[in-house]
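Residue numbers (this note's numbering), protein chains in the order written: chain P, 10 to 318; chain W, 10 to 318.
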């Protein structure tokens with residue numbers, strides 16, 4: 010296993026409104042969150058994405074400063090970067106999309122850089138399943154681990170392609186509603202079984218503030234949601250999660266169920282930072298010491314002694 | 010601390026419909042579930058409740074066979090036992106009450122038996138706060154631990170009395186929606202702070218399939234929800250939880266935060282049995298060995314190694 014991590018996803022501008030405030034145009038996109046999360050681990054992480062000529066130098070510099078390899082990021086002259094704006098409701102669990110401007114995304118033809126065609130780990134962020142499949146087909150060596158995310162839009166409208174993709178990945182990481190939507194099973198245990206049967210050896214079901222479940226056949230691991238006094242902006246939580254999860258495994262160089270458990274906690278810890286500020290702010294400035302402390306907090310949160318006699 | 014546990018609550022007949030089936034009139038009521046859960050621990054457990062002359066001998070015999078002290082259970086001649094019927098919707102998280110016949114409950118004047126006036130632990134099940142307060146006032150010795158439950162109806166209509174009660178208990182155990190309803194805080198961390206400020210040193214917030222949180226000031230413990238393939242009937246889950254939680258503490262004879270953590274797991278394990286069959290069935294036949302195994306399952310579910318370097 011080499012330490013190369015190839016990440017497919019969007020680099021975007023977002024405008025976000027939550028009950029706590031409103032941003033102007035800020036840096037967003039799943040590849041951005043994934044990359045920033047991954048940058049805290051020892052990996053050679055390359056992003057595969059597309060941006061427009063409006064993409065600001067300061068944001069390119071930020072990504073470069075985090076040692077992210079941008080050879081796979083195409084910049085299209087005269088085109089604009091993918092833009093999304095949305096508003097979170099009072100409970101922060103639901104959101105309404107105000108505006109989506111696909112812009113460069115409509116022209117995105119991912120081309121895996123030579124240096125990443127033998128990456129041991131590929132992380133397919135939430136995007137058109139056709140593009141996710143295309144990236145896999147360009148790998149010259151079968152990766153040791155392929156991780157994927159998706160969302161309701163692709164489940165509804167691209168189901169056949171999505172199923173083709175799911176059959177080819179090792180880990181699928183989706184939220185509880187998406188798991189129910191794909192499998193038509195309400196019980197998450199049953200949903201995980203269906204998802205296993207579709208291909209992936211590992212199924213991760215994210216439950217927002219309630220944590221996450223990791224399934225490997227009959228083995229189940231449950232990561233708690235860290236009870237936070239304030240969730241400021243949930244944008245990017247799932248991407249931070251899967252970025253931290255995957256990059257931890259690359260750094261570790263091993264992919265057992267026990268490693269996956271720690272990876273789920275690492276991802277949860279990163280997501281818990283992300284939601285405490287708008288956009289990528291918390292993820293950018295978080296230190297490794299802070300991350301280690303938070304992982305310890307997750308451990309303390311669930312540890313107990315069995316003394317029942 | 011003596012091993013006496015006084016339980017105030019209803020003994021009832023229920024008729025339950027879930028997506029998986031429908032019962033006739035079956036044994037129910039919070040004191041019933043609490044007592045059956047408590048019967049798995051070494052305590053002297055006395056129930057304080059009221060039943061009608063229609064209450065069947067087989068059900069009295071069942072409670073007696075579990076070594077529950079029924080001196081505090083009044084049987085009113087010519088009156089009928091409290092009856093509730095309800096229907097759970099497809100996701101099992103919501104239910105509609107079809108019928109409530111208070112019957113004997115309207116005449117309930119709890120009288121704590123002499124032998125239980127010095128009980129070290131009092132568990133006030135979900136009932137009119139006036140009755141819960143009345144029971145406390147009859148204790149000749151201040152209990153070491155008073156635990157209470159309540160529900161939306163009392164929060165809406167008996168708020169003043171409820172606040173008076175909350176100020177007098179050590180542990181309040183309610184679900185997430187009730188916590189939000191009482192405190193008007195969405196964040197459960199903030200809700201727990203408000204509840205602490207109202208009196209109780211310990212706050213337990215039950216989150217159904219997502220587990221439970223235990224708060225003691227800034228210390229937080231998170232019990233996972235055991236992922237179950239099938240939840241058959243959620244009735245009595247919260248009562249089984251609090252019954253197991255409290256009876257474990259009585260048996261243990263110590264009330265530290267660490268003991269409380271294990272108690273939350275014990276309660277969660279009991280609740281996980283309850284929901285797997287209609288009514289009290291699972292709770293009746295469960296063995297201590299099965300309980301110990303399930304507690305171990307809760308431990309395995311959340312244990313992980315920190316190896317992040």
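The beta-carbon is built from N, C-alpha and C at its ideal position, and this holds for glycine as well.
Along chain P, which residues have their Cβ under 8 Å away from the Cβ of residue 198 of chain W?
By Cβ distance, chain P contributes 236, 237 and 238.
Would you please verify whether the beta carbon of residue 305 of chain W is less than 8 Å from any beta carbon of chain P?
Chain P, which has a Cβ nearer than 8 Å to the Cβ of residue 305 of chain W, makes this yes.
Residues of chain P with CB under 8 Å from residue 314 of chain W, in chain order?
Result: 267, 270 and 271.
Would DSSP call residue 48 of chain P helix, strand or coil?
DSSP places residue 48 of chain P in coil when its eight states are reduced to three.
Can you tell me whether residue 28 of chain W is buried or exposed? The criterion is at least 16 other CB atoms within 10 Å of its CB, across all chains shown.
Burial call: exposed.
Is there a Cβ from chain P that is less than 8 Å from the Cβ of residue 216 of chain W?
Answer yes: the Cβ-Cβ gap between residue 216 of chain W and chain P drops below 8 Å somewhere.
For a cutoff of 8 Å on Cβ pairs, would you count residue 99 of chain W as touching chain P?
Answer yes: the Cβ-Cβ gap between residue 99 of chain W and chain P drops below 8 Å somewhere.
Quick check on the burial criterion: 16 or more other C-beta atoms within 10 angstroms. Buried or exposed for residue 315 of chain W?
Residue 315 of chain W comes out exposed.
Taking all protein chains shown into account, decide if residue 98 of chain W is buried (16 or more other Cβ within 10 angstroms of its Cβ) or exposed.
That one is exposed.
Hey, how far is the Cα of residue 270 of chain W from the Cα of residue 275 of chain P?
Cα to Cα, the separation comes out at about 23 Å.
Could you work out which residue in P/295, P/126 and P/34 is closest to residue 20 of chain P when comparing CA atoms only?
It is P/34.
Would you call the CB atoms of residue 164 of chain W and residue 191 of chain W closer than 8 Å?
Taking 8 Å as the Cβ cut-off, residue 164 of chain W and residue 191 of chain W qualify as a contacting pair.
Considering only the alpha carbon of each residue, which of W/194, W/237 and W/174 lies closest to residue 237 of chain P?
The candidate whose alpha carbon is nearest that of residue 237 of chain P is W/194.
For the stretch 14 to 33 of chain W, list every residue whose C-beta sits within 7 Å of some C-beta in chain P, in sequence order.
Within the stretch 14 to 33 of chain W, no residue qualifies.
Tell me whether residue 87 of chain P is buried or exposed, calling it buried when 16 or more other Cβ atoms sit within 10 Å of its Cβ.
With fewer than 16 other Cβ atoms within 10 Å, it is exposed.
Identify which residue in W/17, W/46 and W/200 has its Cα closest to the Cα of residue 296 of chain W.
Closest option to residue 296 of chain W, Cα to Cα, is W/46.
Apart from the five residues on each side of it in sequence, which residues of its chain come closer than 7 Å, Cβ to Cβ, to residue 152 of chain W?
Cβ neighbours of residue 152 of chain W beyond the five flanking positions: 128, 129, 130 and 131.
Just by C-beta distance, which residues in the stretch 222 to 234 of chain P are closer than 7 Å to chain W?
Flagged, chain order: 222, 229, 230, 231 and 233.
Going by DSSP, what residue range makes up the beta strand (DSSP E) through residue 167 of chain W?
Per DSSP, residue 167 of chain W belongs to no beta strand (DSSP E) and is neither H nor E.
Just the Cα atoms here: how many angstroms apart are residue 16 of chain W and residue 81 of chain W?
When rounded, the distance between both Cα atoms is 9 Å.
From the beta carbon of residue 279 of chain W, is the nearest beta carbon of chain P less than 8 Å away?
With 8 Å as the cut-off, residue 279 of chain W does not count as an interface residue toward chain P.
Among P/215, P/123, P/259 and P/231, which has the Cα closest to the Cα of residue 48 of chain P?
Among P/215, P/123, P/259 and P/231, the Cα nearest to that of residue 48 of chain P belongs to P/259.
Tell whether a beta-carbon distance below 8 Å holds between residue 79 of chain P and residue 54 of chain P.
Cβ distance not < 8 Å, so residue 79 of chain P and residue 54 of chain P don't count as in contact.
Count the CB pairs spanning the stretch 94 to 109 of chain W and the stretch 64 to 71 of chain W that are closer than 8 Å, and state whether there are at least three.
With a cut-off of 8 Å, the stretch 64 to 71 of chain W and the stretch 94 to 109 of chain W do not count as touching, because too few Cβ pairs lie within range.
Output the boundary residues of the alpha helix (DSSP H) element that contains residue 325 of chain W.
Outside the modelled stretch of chain W, which goes from 10 to 318, sits residue 325 of chain W, for which no answer is possible.
For the putative contact between residue 215 of chain W and residue 250 of chain W, defined by C-beta atoms under 8 Å, what is the C-beta separation to the nearest angstrom?
Correct: roughly 6 Å between the Cβ atoms.
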